[in-house]
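Residue numbers (the working numbering): 1120 to 1277. Quick reminder that beta carbons are idealized off the backbone N, C-alpha and C, glycines included. Given the structure is predicted, the values throughout are model-derived calculations rather than measurements. Taking it in order: structure first as structure tokens, then the write-up.
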């Protein structure tokens, strides 16, 4: 049920992703994704009713849109054509490869000693902290490396 609902909720992003992307900066979309996923995991850590679990699970659409669709659109506009494949692969490796493997291993170990609800609560808290750090970073213009400035700069107006 959750997967079907999420696929249906993703359709607007697939059809109108370019138009939605123009409504806010990539930073704002990533911030929205962090907040949605924080609410999702914090909700999943406390609810037990199946209907509420489905509702909180449906918020995973924010992950898909804000961390897959919009960054792909942004990177295709911001990165020179000859580097697009490399940058997209690097982004996906970090965001969806290494992080999922490491997160699953660490989360599984913690869940073995506590509970899955506790792990979801920790995930929600980490996402909220990341949202605050992203907001502070973007507002102050602080960048960790010059590579991040290059990759995540605003695309030129066309």
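Looking from the CA of residue 1173, the closest CA among 1233, 1242, 1122 belongs to 1122.
Of the residues 1188, 1205, 1233, the one whose Cα lies closest to the Cα of residue 1149 is 1188. Within its own chain, the residues whose Cβ lies closer than 8 Å to the Cβ of residue 1178, once the five positions on either side in sequence are excluded, are 1155, 1156, 1158, 1159, 1162, listed in chain order. In this structure the stretch 1122 to 1139 lies against the stretch 1182 to 1198, because at least three pairs of beta carbons, one per stretch, are closer than 8 Å.
Residue 1239 is classed as buried because its beta carbon has at least 16 other beta carbons within 10 Å across all chains shown. Along the length of the stretch 1140 to 1211, whole alpha helix (DSSP H) runs at least 4 residues long occupy 1145 to 1165, 1169 to 1176, 1180 to 1183, 1189 to 1197, 1203 to 1211, reported in chain order. Residue 1256 sits in a helix when the DSSP states are folded into three classes. The Cβ atoms of residue 1153 and residue 1249 lie closer than 9 Å to each other. Taking the Cα positions, residue 1225 is about 30 Å away from residue 1204. The three-state reading of DSSP puts residue 1236 in helix, counting H, G and I together.
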